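Protein chains in written order, with my numbering: chain A, 4 to 287; chain B, -3 to 129.
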């Protein structure tokens, strides 16, 4: 009898434990967690991976060439695989569309991707917030990175070179941070900020652009500091803009021509110095 | 005032990474020496040669050719063996042709100053392409 009571007591103890376990499993299954999707191992194309991803997922893109127009409309992370030294290169399949479009969403992160070959933009952000674009290379597009009507995004350490219009272009975008980007050798402007207020532009290099290194048009209350604009036609241009805070920026004109002429001049002086030294030595 | 001017010049030099880029530095020194060598060469051709002109021309010339070879070698190491090496070979051919004409002193000697001018242009181009962004 006593034995039966013991068994009954044990089963009474087990019941709450089992319930607890089942509840934990149930909640664990229901909790959202970031899955990792891999391209091309798991998914053939990046867009297929983007479509399959849930909010908060991470898509890791392996090295190689991809020809796609990627559209992202949910928060996720798109990043280059760390095991490869060369970034995955995405070329626009339809050249009239951006290589990567981030449309009306938030919390998207793109890192270490190379995007080119679009007559629109390498990375195009439309009405989005909290987007992070870091360490990407955007070359050979109309604009490297375009932010349209987007707020509170971070664009840092990207390389936007040899684009037909602008390296980075902000239109109607407020409160963004654009820092430590390399915006060189673009065929119009390195950075163009139009109708955008309260942005922070810091520590960028905008060199050797055909027209302006940086242009701010009708943009107010931006913080512009510690940027380098070297050897552009115009270094930094602010027009129709008020209450911008400028500090620690450096501009230099295009000295491609001046420098060799300076060297020839030094060469002539060097000849005269050599001649006089040798004459002096021979006399001695 | 002078110190500030030197500081400004130094800042410009640092901004252009002239002192930190070995190739820019070599190309710059090459153009300076080539200019000096060219002027002394012109003096020799014009016949207003003094005892030191020949020495200046020869010393600078030897250093300039050495720098040219170093630049070509560095370019080959950094970029690999590409078709660009043909341009380096072509430049070397101009140098050797000039040396040949000077040494033989034949009918082509009257064109030697033009060849010297071509070498200056080559060095101007070398500086131009080696200017870092």
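Glycine is no exception: its CB is placed at the ideal position from the N, C-alpha and C atoms.
In this text the structure is predicted, and so the values were computed from the model without any measurement.
Exercise. Whole angstroms is fine: what's the gap from residue 78(B)'s alpha carbon to residue 86(B)'s?
Key: Numbered from 1 along the second chain, position 82 holds the residue referred to as residue 78(B). Numbered from 1 along the second chain, position 90 holds the residue referred to as residue 86(B). Each residue's Cα considered, the two are about 14 angstroms apart.
Self-check item: Residues, ordered as in the chain, of the segment 263 to 286 of chain A that lie near chain B by beta-carbon distance below 8 angstroms
Solution: Listed by position, the residues of the segment 263 to 286 of chain A near chain B (Cβ gap below 8 angstroms) are 263, 266, 267, 269, 270, 271, 273, 274, 277, 278, 281, 282 and 285.
Self-check item: Whole-angstrom distance between residue 36(A) and residue 46(A), CA atom to CA atom
Solution: Against the first chain, residue 46(A) aligns to sequence position 43. Against the first chain, residue 36(A) aligns to sequence position 33. Going by the C-alpha atoms only, they are around 19 angstroms apart.
Exercise. Identify, in the order they occur along the chain, each residue of the same chain with its Cβ nearer than 6 angstroms to the Cβ of residue 185(A), setting aside the five sequence neighbours on each side.
Key: Your numbering for residue 185(A) matches position 182 in the first chain. These residues qualify, in order along the chain: 162 and 208.
Self-check item: Assigned exposure category for residue 284(A) - 16 Cβ within 10 Å defines buried
Solution: In the first chain, counting from the first residue as 1, residue 284(A) sits at position 281. By the Cβ-count criterion, residue 284(A) is exposed, with fewer than 16 other Cβ atoms from all chains shown falling within 10 Å of its own Cβ.
Quiz item: Can a CB atom of chain A be found closer than 8 angstroms to the CB of residue 58(B)?
Solution: What you label residue 58(B) is simply residue 62 of the second chain in a count that begins at 1. Proximity of residue 58(B) to chain A, defined by a Cβ-Cβ separation below 8 angstroms, is not satisfied.
Quiz prompt | Residues near residue 225(A) in its chain [Cβ-Cβ closer than 8 angstroms; skip 5 each side] | solution = In the first chain, the residue the question calls residue 225(A) occupies position 222. The answer, listed in chain order, is 196, 199, 200, 201, 202, 203, 204, 219, 244, 247 and 248.
Self-check item: Cβ shell of residue 51(B) (< 8 angstroms), same chain only, five flanking positions each side left out
Solution: Locating residue 51(B) in the second chain gives position 55, where the first residue counts as 1. Only residues of its own chain outside the window of five on either side were considered, and among them none has a CB closer than 8 angstroms to the CB of residue 51(B).
Quiz item: So, helix, strand or coil for residue 181(A), using DSSP?
Solution: Taking the first chain and counting its residues from 1, one reaches residue 181(A) at position 178. If DSSP states are grouped into helix, strand and coil, residue 181(A) belongs with the strands.
Self-check item: Contact belief for residue 22(B) with residue 67(B) at Cβ below 8 angstroms, rounded distance in angstroms
Solution: By one-based count along the second chain, residue 22(B) stands at place 26. By one-based count along the second chain, residue 67(B) stands at place 71. Contact between residue 22(B) and residue 67(B) holds, with the beta-carbon distance rounding to 6 angstroms and staying under 8 angstroms.
Self-check item: Local Cβ density within 10 Å of residue 2(B), reported as buried at 16 or more and exposed below that
Solution: The residue labelled residue 2(B) in the question sits at position 6 within the second chain. Counting the other Cβ atoms within 10 Å of the Cβ of residue 2(B) gives fewer than 16, which makes it exposed.
Quiz prompt | Chain-ordered neighbours of residue 94(B) on chain A, where CB pairs are closer than 7 angstroms | solution = Mapped onto the second chain, residue 94(B) falls at position 98. Those within 7 angstroms of residue 94(B) in chain A number zero; the least Cβ separation is about 18 angstroms.
Exercise. Return the first residue and the last residue of the beta strand (DSSP E) that residue 164(A) is part of.
Key: Sequence index remark: in the first chain, residue 164(A) carries index 161 (1-based). In the DSSP annotation of this structure, the continuous segment of the beta strand (DSSP E) that includes residue 164(A) starts and ends at 162 to 164.
Quiz prompt | Helix, strand or coil at residue 154(A) according to DSSP, with G and I counted as helix | solution = Position 151 of the first chain, counting from 1, holds the residue named residue 154(A). Strand, per DSSP.
Quiz prompt | Exposure label - residue 279(A); buried when at least 16 CB within 10 Å | solution = As a working mapping, residue 279(A) is identified with position 276 in the first chain. Residue burial is scored here from C-beta neighbours: residue 279(A) has fewer than 16 other C-beta atoms within 10 angstroms and is therefore classed as exposed.
Exercise. Taking only the alpha-carbon atoms, compute the straight-line gap between residue 34(A) and residue 16(B) and give it to the nearest angstrom.
Key: Translated into positions along the first chain, residue 34(A) becomes position 31. Translated into positions along the second chain, residue 16(B) becomes position 20. For residue 34(A), the pLDDT reaches just 46, beneath the cut-off of 50, and the residue's location in the model is therefore unreliable, leaving the point undetermined.
Exercise. Buried or exposed for residue 7(A), please, with buried defined as at least 16 other CB atoms from any protein chain shown within 10 angstroms of its CB.
Key: For this step, residue 7(A) is matched to residue 4 along the first chain. Only weak support exists for where residue 7(A) lies, its pLDDT of 46 falling under 50; the coordinates are left without a value.
Quiz prompt | Residue environment, residue 127(B), which counts as buried when at least 16 other CB atoms sit within 10 Å | solution = Numbered from its first residue, the second chain carries residue 127(B) at position 131. So residue 127(B) ends up on the buried side.
Practice problem: For residue 26(B), name the three-state secondary structure that DSSP assigns. | Solution: Taking the second chain and counting its residues from 1, the one referred to as residue 26(B) is at position 30. Per DSSP, reduced to three states, the secondary structure at residue 26(B) is helical.
Quiz item: Using a beta-carbon distance below 8 angstroms, is residue 114(B) in contact with chain A?
Solution: For the purposes of this step, residue 114(B) is taken as residue 118 along the second chain, with counting starting at 1. For residue 114(B), not one C-beta of chain A is nearer than 8 angstroms to its own C-beta.
Self-check item: Closer than 8 angstroms to chain A by CB, residue 16(B)
Solution: As a first step, residue 16(B) is located in the second chain; it is residue number 20 there, counting from the start. Output row for residue 16(B): interface = no.
Practice problem: In angstroms with no decimal places, state the Cα-to-Cα distance between residue 86(A) and residue 94(B). | Solution: The residue labelled residue 86(A) in the question sits at position 83 within the first chain. The residue labelled residue 94(B) in the question sits at position 98 within the second chain. Straight-line Cα distance between these residues: approximately 52 angstroms.
Quiz item: Starting from residue 88(B) and walking both ways along the alpha helix (DSSP H), at which residues does that stretch end?
Solution: The residue labelled residue 88(B) in the question sits at position 92 within the second chain. Element bounds for residue 88(B): 81 to 100.
Self-check item: Boundaries (first-last residue) of the alpha helix (DSSP H) holding residue 87(A)
Solution: On the first chain, position 84 is the one that residue 87(A) refers to. Counted as a single uninterrupted DSSP element, the stretch harbouring residue 87(A) is not any alpha helix (DSSP H), since DSSP gives it neither H nor E.
Quiz item: Near residue 31(A), which residues of its chain fall below 7 angstroms by C-beta distance, leaving aside the five closest residues on each side in sequence?
Solution: For the purposes of this step, residue 31(A) is taken as residue 28 along the first chain, with counting starting at 1. Any answer about residue 31(A) is weak, because its pLDDT of 47 lies below 50 and its placement is not dependable; what the coordinates show is given next. Counting only Cβ-Cβ distances below 7 angstroms, and skipping sequence neighbours, we find nothing.
Exercise. Could you list which residues in chain A have their beta carbon closer than 7 angstroms to that of residue 48(B), in chain order?
Key: As a first step, residue 48(B) is located in the second chain; it is residue number 52 there, counting from the start. Correct list: 278, 281, 282 and 285.
Self-check item: Backbone secondary structure at residue 149(A) - three-state DSSP
Solution: Position 146 of the first chain holds residue 149(A). Shown here, residue 149(A) sits in a strand according to DSSP, grouped into three states.
Quiz item: How about the segment 108 to 115 of chain B and the segment 30 to 37 of chain B: do they share at least three Cβ pairs that are nearer than 8 angstroms?
Solution: Yes, the segment 108 to 115 of chain B is in contact with the segment 30 to 37 of chain B.
Quiz item: How far does the beta strand (DSSP E) with residue 264(A) in it reach, from first residue to last?
Solution: Here residue 264(A) refers to the residue found at position 261 when the first chain is read from its first residue. Residue 264(A) -> not in any beta strand (DSSP E); alpha helix (DSSP H) instead, spanning 261 to 286.
Exercise. Would you check whether the ligand FMN has a heavy atom nearer than 7 angstroms to the C-beta of residue 78(B)?
Key: The ligand content of the structure shown is nil, which means the ligand FMN is not present either.
Quiz prompt | residue 54(A) classed as buried or exposed, judged by whether at least 16 other C-beta atoms fall within 10 angstroms | solution = Along the first chain, read from residue 1 onward, the residue named residue 54(A) stands at position 51. When all chains shown are included, residue 54(A) counts as exposed.
Quiz item: Given that residue 31(B) touches chain A, what residues does it touch there, using C-beta distances under 9 angstroms?
Solution: In the second chain, counting from the first residue as 1, residue 31(B) sits at position 35. Chain-order list of chain A residues neighbouring residue 31(B): 266, 267, 268, 269, 270, 271, 273 and 274, by C-beta distance under 9 angstroms.
Quiz item: Taking the DSSP output, what are the residues bridged to residue 234(A)?
Solution: Within the first chain, residue 234(A) is the residue found at index 231, counting from 1. Looking at the DSSP assignment, residue 234(A) forms no beta bridge with any residue, so it has no partner.
Self-check item: Check whether residue 149(A) and residue 128(A) have beta carbons under 8 angstroms apart
Solution: Counted from its first residue, the first chain places residue 149(A) at position 146. Counted from its first residue, the first chain places residue 128(A) at position 125. Yes, the Cβ-Cβ distance between residue 149(A) and residue 128(A) is below 8 angstroms.
Quiz item: Is residue 109(B) close to chain A, meaning its C-beta is less than 8 angstroms from at least one C-beta of that chain?
Solution: In the second chain, residue 109(B) corresponds to position 113, counting from 1. Chain A, which has no Cβ nearer than 8 angstroms to the Cβ of residue 109(B), makes this no.
Exercise. Work out the CA separation of residue 49(A) and residue 64(A) for me, nearest whole Å.
Key: Working through the first chain from its first residue, we reach residue 64(A) at position 61. Working through the first chain from its first residue, we reach residue 49(A) at position 46. The straight-line gap from Cα to Cα measures roughly 7 angstroms.
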